[in-house]
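Have a look at the structure below before the remarks.
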Amino acid sequence: MTAKLTGDARTKALATLTGWSEVDDRDAIRREFRFKDFSEAFAFMARAALKAEAMDHHPEWFNVYNKVDVTLTTHDADGLSDKDIELAKAMERFAA
Numbered sequence: 147m148t149a150k151l152t153g154d155a156r157t158k159a160l161a162t163l164t165g166w167s168e169v170d171d172r173d174a175i176r177r178e179f180r181f182k183d184f185s186e187a188f189a190f191m192a193r194a195a196l197k198a199e200a201m202d203h204h205p206e207w208f209n210v211y212n213k214v215d216v217t218l219t220t221h222d223a224d225g226l227s228d229k230d231i232e233l234a235k236a237m238e239r240f241a242a
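Numbering-wise, my numbering puts 174 at position 28 of the sequence shown, and it's gapless, one number per residue.
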């Protein structure tokens, strides 16, 4: 089972991310990515999906045209974990 991030470890981990915000009503983080067009958004999702599958850690996401709204949380930890931070950082790289 994956450990939930708490206290200083959580604060430090969140400080390493860019553009993510904590979700008010649950222990999760969220970010909206915007791209030039649908093709770029879909390419981002494909890269992120491969990473997520390799990690066995899957995002909650929603796509409309050039926007991809992503929420990350670790269900078996009942909240935010290192897996979410790792996947968020990868998504930041893929979107750059």
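C-beta: ideal position from N, C-alpha, C; glycine also.
Here the structure is a predicted model, which is why all the values come from computation and not from measurement.
Distance, residue j Cα to residue i Cα
{"i": "Glu206", "j": "Thr217", "result": "5 angstroms"}
{"i": "Lys150", "j": "Arg156", "result": "9 angstroms"}
{"i": "Ala234", "j": "Lys158", "result": "14 angstroms"}
{"i": "Trp166", "j": "Glu199", "result": "21 angstroms"}
{"i": "Asp222", "j": "Leu196", "result": "21 angstroms"}
{"i": "Thr164", "j": "Asp215", "result": "15 angstroms"}
Beta-carbon proximity check, residue i vs residue j, cutoff 8 angstroms
{"i": "Asp154", "j": "Gly225", "result": "no"}
{"i": "Ala194", "j": "Met147", "result": "no"}
{"i": "Ile175", "j": "Glu168", "result": "yes"}
Where residue i falls, given that 16 or more other Cβ within 10 Å makes a residue buried
{"i": "Thr202", "result": "In the sequence under discussion, the amino acid at residue 202 is Asp, which differs from the Thr named in the question. Looking at its Cβ environment, which holds fewer than 16 other Cβ atoms inside 10 Å, Asp202 is exposed."}
{"i": "Thr220", "result": "buried"}
{"i": "Lys252", "result": "An answer regarding residue 252 cannot be provided, because it is not within the stretch 147 to 242 covered by the chain."}
{"i": "Ala241", "result": "buried"}
{"i": "Lys229", "result": "buried"}
Supposed close pair residue i, residue j - CB separation, criterion 8 angstroms
{"i": "Phe190", "j": "Phe179", "result": "6 angstroms"}
{"i": "Thr152", "j": "Ile231", "result": "Not confirmed; about 13 angstroms, so no contact."}
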